[in-house]
Amino acid sequence: MRIYRYLMEHKAAFLIVVLCFVVQACCELALPKYTSNIVDVGIQQSGIENPSPEVLSADTYGVVTMLAPADDEATIRASYDFDVDAGYYVLNAEGKAYRSVLDDAISLPLVCSYYSQSIPDFDIAALRQAYEAGQVTKADIEQGLDQVLSSAGLDNDSLLSQQATLAAKAEYDACGVSTADIQMDYLLHVGKIMIALAAIALIVHCIMNFFCCRNATKIGRDLRSRFFKRVVDFSDAEVDTFSAASLITRGTNDIQQIQMVCMMAQRMVVYTVVISIGAIIMVAQTNVSMSWIIGLAIVAIALVIGILFAVTMPKFKKMQALIDKVNEVSREILTGLPVIRAFGREDFELERFQTANSNLMGTQLFTNRAMAFLMPTMMLVMNLVSVAIVWVGGHYVDLGTVQTGDLIAFITYSMIIVMSFLMIGVIAVVFPRANVAAQRVDEVINTASSIQDALEVYDAQLFEAAGVAPGATSAQGATSVHAGPEAVRGNGAAKSAEEAVTGAEIRFNDVCFRYADGCENVLDHVSFCAPAGKTTAIIGSTGSGKSTIIRLIERFYDVNEGSIELDGIDIRHLSQKALRSTFGYVPQKAFLFSGTIESNVGYGVDGLTPARRDQALSIAQAADFVAEKPEGVLEPIAQGGTNVSGGQRQRLAIARALATNARAYLFDDSFSALDYKTDAKLRHDLQTQLAGRTVIIVAQRISTIMNADTIIVLDEGRVVGQGTHEQLLEGCETY
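Using UniProt numbering, you'd call the opening residue of the sequence shown number 1 and step up by one each time.
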């Protein structure tokens with residue numbers, strides 16, 4: 001079970017919770033027994049706990065020693081000493097030490113002495129006179145007492161004990177001992193014990209709550225961390241498989257469900273198991289004859305819960321998928337709101353959302369109605385159990401086999417057992433959904449990225465090709481090709497960082513690629529070379545595979561056939577970190593993170609210097625508009641860069657890539673939002689200030705790429721032309 005596995009990841013704290021529950025359950029289970037004692041002993045028996053009184057009058061002592069069998073007579077005589085000053089017999093230390101033995105020995109003789117006048121044909125005075133005269137033996141007396149017991153209905157041990165306690169009370173009164181004081185002392189003593197137990201249960205419950213909350217929040221924290229780490233490692237293929245909306249739902253709503261159920265599993269399930277086992281043990285000690293009522297109730301509850309589980313579990317699985325759908329539609333509508341308004345499609349989108357929302361509502365109504373049936377059924381079972389116990393228990397009380405306090409305790413323990421299963425019913429409402437949520441979260445966590453580093457990588461050869469020592473360290477603190485310029489400067493070389501960086505050669509060798517859900521190749525036998533230090537442009541109609549080439553170079557996807565080489569090394573034999581640190585990447589859709597202009601420009605470099613930052617902004621033609629901002633580079637940027645224009649957003653994205661000082665730059669249609677003048681100036685600065693770097697530009701406008709060293713023309717995933725602008729004008733019809 002997944003929830004149990006999550007709890008076991010915090011085993012020590014979970015064991016503390018279980019231990020606290022055991023202590024709390026022991027305290028709470030003891031309270032009904034003490035309540036029973038207050039009713040039976042404190043009230044009905046005036047606080048007298050034992051049938052053997054602590055004082056006996058001389059007459060009663062003589063009668064009970066006469067009526068008791070020889071062995072019991074010896075026990076009674078050894079347990080009492082005569083107090084000359086008081087004029088009656090007092091229980092001694094030996095009698096107190098063996099009180100239970102004395103109780104068994106004295107109960108019958110004491111009852112016969114107390115009820116001697118009301119028992120027919122039983123003259124205690126004549127019997128005593130005959131015994132002292134030797135006319136009657138112990139055996140005769142014992143035989144006669146058996147007949148008396150049978151005729152008086154005192155052959156039941158429980159009833160005999162109750163009558164003996166009443167006889168003991170009469171004996172206290174006869175000797176002048178205040179039974180009111182005995183009763184008050186007993187009630188105060190038991191009351192103090194009950195208060196102490198309640199206080200211990202409260203303290204332990206607070207400790208348990210602390211660890212329950214901490215365990216649940218830690219489980220949620222760990223799951224979110226593992227989930228996010230896995231999602232960050234995903235390639236685009238896995239993100240496409242799950243969809244962004246589903247991943248958001250799984251990482252927030254589903255994990256919240258798991259965290260809530262982990263809390264409930266500790267507070268309710270563990271407590272239910274512990275206290276129900278304890279209550280069953282106490283019931284067995286109280287009265288076994290009525291246990292069948294509880295067993296019948298448990299079977300009924302288990303049957304109801306089982307049926308509900310079978311009916312609702314498939315619906316809960318469906319409901320999670322429908323939540324994903326609602327989130328997906330909502331996200332799409334909110335993202336595309338300007339387009340929806342522009343085309344007047346508000347009604348259509350509203351209807352689409354209402355359909356997804358109604359489907360979710362229908363499933364939720366079904367599950368809620370099914371689960372709503374649970375609580376009334378549980379309450380009905382609990383009330384029927386109470387009625388059955390009172391009905392059957394009343395008969396036993398009438399017979400004298402069960403005392404009123406014991407019946408109260410039995411009802412309390414029975415309610416604890418039924419309430420325990422009622423708690424299971426409560427958690428059964430949310431547990432199926434949490435189980436589905438756990439499956440969905442585990443599905444993501446257990447899904448390995450399709451892009452994995454090879455067992456043997458050739459990063460050192462890549463560093464060697466870049467002219468950088470393999471052990472050099474970048475400003476990011478990791479061994480990478482970014483270390484080249486820093487390492488050169490650190491060795492005291494005269495060249496600047498930009499002069500020290502050499503371009504990277506990128507080569508496609510008969511590459512074929514199709515997306516996971518596609519049946520046709522997006523790229524079909526594509527071969528070309530982007531020489532080191534040169535500018536290579538890629539142009540083609542929409543859907544020809546231009547952006548796919550950039551994604552394959554960054555290894556967001558792996559090729560299906562052929563290979564891609566970086567400086568003669570298959571990129572699948574390079575670590576992803578080393579590969580991607582070679583490139584400065586500007587995506588087709590410029591995306592900025594919440595923060596400031598400075599934090600966005602320095603996103604790819606730790607410890608970005610002001611000089612490099614300003615240079616990147618200058619080359620990207622962003623320096624002017626940044627300078628006009630009230631706070632300059634510290635100007636806040638909203639999530640997604642929504643508080644700047646499309647052109648400004650694109651220029652900041654370009655500056656972010658340039659700030660990395662990479663060996664190669666990949667521009668995926670990154671100049672589309674720029675006017676012609678800005679576009680031309682940016683390309684001019686790229687050529688003059690970043691000479692020696694490899695540049696790959698994907699573009700739609702001829703003016704953007706006409707000065708490139710090599711232009712690759714794509715048509716439906718195939719290379720249909722390569723060359724300069726002039727060569728392609730002459731020899732490539734598609735161009």
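Built from N, CA and C at the ideal position, the CB exists for glycine as well.
Below 8 Å between beta carbons: does that hold for residue 369 and residue 524? Start at 1 with the first residue of the sequence shown, and residue 369 comes out as number 369. Start at 1 with the first residue of the sequence shown, and residue 524 comes out as number 524. Result no, Cβ atoms of residue 369 and residue 524 do not sit closer than 8 Å.
Give the secondary structure of residue 636 by DSSP, where H, G and I count as helix, E and B as strand, and everything else as coil. Here residue 636 refers to the residue found at position 636 of the sequence shown. In this structure, residue 636 counts as strand in the three-state DSSP scheme.
Which residues in the same chain as residue 551 place their Cβ atom closer than 7 Å to its Cβ, once the five residues preceding and following it in sequence are excluded? For the purposes of this step, residue 551 is taken as the residue at position 551 of the sequence shown. Closer than 7 Å at the Cβ level, and outside the excluded window around residue 551, lie 236 and 557.
Pick out whichever of 693, 24 and 159 has its Cα sitting closest to the Cα of residue 396. Locating residue 396 in the sequence shown gives position 396, counting from the first residue. Among 693, 24 and 159, the Cα nearest to that of residue 396 is on 159.
By a C-beta neighbour count over all protein chains shown, 10 Å radius and 16 as the cutoff for buried, is residue 261 buried or exposed? As a working note, residue 261 is residue 261 in the sequence shown. When all chains shown are included, residue 261 counts as buried.
Using the C-alpha atoms, what's the distance from residue 305 back to residue 314? Counting from 1 along the sequence shown, the entry for residue 314 is found at position 314. Counting from 1 along the sequence shown, the entry for residue 305 is found at position 305. Distance between the alpha carbons of residue 314 and residue 305 is about 15 Å.
If you reduce the DSSP assignment to three classes, tell me which class residue 525 lands in. Counting from one through the sequence shown, the residue named residue 525 turns up at place 525. Correct three-state label for residue 525: strand.
Taking only three categories from DSSP, how would you classify residue 474? Here residue 474 refers to the residue found at position 474 when the sequence shown is read from its first residue. Here the model assigns residue 474 a pLDDT of 38, short of 50, so the residue's position is not dependable, and the following value carries that caveat. It is coil, neither helix nor strand.
Compute the Euclidean distance between the alpha carbons of residue 546 and residue 693, then round it to the nearest angstrom. The residue labelled residue 546 in the question sits at position 546 within the sequence shown. The residue labelled residue 693 in the question sits at position 693 within the sequence shown. The straight-line gap from Cα to Cα measures roughly 21 Å.
Tell me which same chain residues have a C-beta within less than 6 Å of the C-beta of residue 142, skipping the five on either side of it? Counting from 1 along the sequence shown, the entry for residue 142 is found at position 142. The residues are 69.
Exposure label - residue 163; buried when at least 16 CB within 10 Å: Along the sequence shown, one-based indexing puts residue 163 at 163. Its Cβ being crowded by 16 or more others within 10 Å, residue 163 is buried.
Where residue 81 sits in the DSSP three-state scheme: Within the sequence shown, the letter at position 81 stands for residue 81. Three-state DSSP puts residue 81 in a strand.
Please classify residue 325 as buried or exposed, where buried requires at least 16 other C-beta atoms within 10 Å of its C-beta. Position 325 of the sequence shown, counted from the first residue, corresponds to residue 325. Classification for residue 325: buried.
Tell me, to the nearest whole angstrom, how far the beta carbon of residue 695 is from that of residue 682; I am working on the premise that it is less than 8 Å. Here residue 695 refers to the residue found at position 695 when the sequence shown is read from its first residue. Here residue 682 refers to the residue found at position 682 when the sequence shown is read from its first residue. With a Cβ gap of about 12 Å, residue 695 and residue 682 do not count as contacting.
Selected residue, minimal CA-CA separation from residue 297, among 589, 112, 114 and 389: Walking along the sequence shown from the start, residue 297 turns up at place 297. Checking every option, the nearest Cα to that of residue 297 belongs to 389.
Using only the alpha-carbon positions, how far apart do residue 630 and residue 611 sit? Counting from 1 along the sequence shown, the entry for residue 630 is found at position 630. Counting from 1 along the sequence shown, the entry for residue 611 is found at position 611. One C-alpha to the other measures close to 20 Å.
Between the Cα of residue 656 and those of 735, 734 and 620, spot the shortest distance and give me the residue it belongs to. What you label residue 656 is simply residue 656 of the sequence shown in a count that begins at 1. Among 735, 734 and 620, the Cα nearest to that of residue 656 is on 620.
Could you check the C-alpha separation between residue 234 and residue 9 for me, to the nearest Å? On the sequence shown, position 234 is the one that residue 234 refers to. On the sequence shown, position 9 is the one that residue 9 refers to. Distance between the alpha carbons of residue 234 and residue 9: 25 Å.
Reducing DSSP to helix, strand and coil, say where residue 731 ends up. Locating residue 731 in the sequence shown gives position 731, counting from the first residue. Three-state DSSP puts residue 731 in a helix.
Where residue 652 falls, given that 16 or more other Cβ within 10 Å makes a residue buried: In the sequence shown, counting from the first residue as 1, residue 652 sits at position 652. It is buried - the Cβ of residue 652 has at least 16 other Cβ atoms within 10 Å.
3 or more residues per run - each beta strand (DSSP E) lying fully within the region 619-704: 664-668 and 694-699
Between the alpha carbons of residue 231 and residue 271, how many angstroms are there, rounded? If you number the sequence shown from 1, residue 231 lands on position 231. If you number the sequence shown from 1, residue 271 lands on position 271. Computed Cα separation, rounded: 36 Å.
What would DSSP say about residue 560, mapped onto helix, strand or coil? To locate residue 560, count along the sequence shown from 1; it is residue 560. Three-state DSSP puts residue 560 in coil, outside helix and strand.
Along the chain, where does the beta strand (DSSP E) that runs through residue 510 open and close? For the purposes of this step, residue 510 is taken as residue 510 along the sequence shown, with counting starting at 1. Looking at the DSSP string, the run of the beta strand (DSSP E) that includes residue 510 is 506-513.
For residue 766, count neighbouring C-beta atoms within 10 Å of its own C-beta (all shown protein chains included) and say buried if the count is 16 or more, exposed if not. Since the displayed the chain opens at 1 and closes at 735, residue 766 lies outside it and no answer follows.
Measure how close the beta-carbons of residue 46 and residue 183 come, nearest whole angstrom, since I'm counting them as under 8 Å. The residue labelled residue 46 in the question sits at position 46 within the sequence shown. The residue labelled residue 183 in the question sits at position 183 within the sequence shown. Indeed they touch by this definition, with Cβ atoms about 5 Å apart.
Residue 585 versus 670, 114, 559 and 311, residue with shortest Cα-Cα distance: As a working mapping, residue 585 is identified with position 585 in the sequence shown. Among 670, 114, 559 and 311, the Cα nearest to that of residue 585 belongs to 670.
Looking at residue 294: is its Cβ nearer than 8 Å to the Cβ of residue 28? Indexing the sequence shown from 1 puts residue 294 at position 294. Indexing the sequence shown from 1 puts residue 28 at position 28. Their beta carbons are not under 8 Å apart, which means residue 294 does not touch residue 28 by this criterion.
Could you tell me whether the region 19-38 touches the region 79-89, using the rule of 3 or more Cβ pairs below 8 Å? no
Going by C-alpha distance, which of 404, 447 and 733 is nearest residue 247? Counting from one through the sequence shown, the residue named residue 247 turns up at place 247. Taking only the C-alpha atoms, the option nearest residue 247 is 447.
Tell me, please, which residues DSSP counts as bridged to residue 583. Here residue 583 refers to the residue found at position 583 when the sequence shown is read from its first residue. Partner(s): 664.
Of the residues 505, 283 and 322, the one placed nearest residue 364, counting alpha carbons only: Indexing the sequence shown from 1 puts residue 364 at position 364. Residue 322 is the option with its Cα nearest to residue 364.
Cβ-based neighbour list, residue 177, same chain, cut-off 7 Å, excluding 5 preceding and 5 following: Against the sequence shown, residue 177 aligns to sequence position 177. The residues are 55.
Own chain partners of residue 291 with C-beta closer than 8 Å, once the 5 adjacent residues on each side are dropped: Along the sequence shown, one-based indexing puts residue 291 at 291. Closer than 8 Å at Cβ, skipping near neighbours: 283 and 284.
When the Cβ atoms of the region 408-422 are set against those of the region 31-38, are three or more pairs found closer than 8 Å? yes
Should the region 604-618 be regarded as contacting the region 636-650, the criterion being three or more beta carbon pairs within less than 8 Å? no
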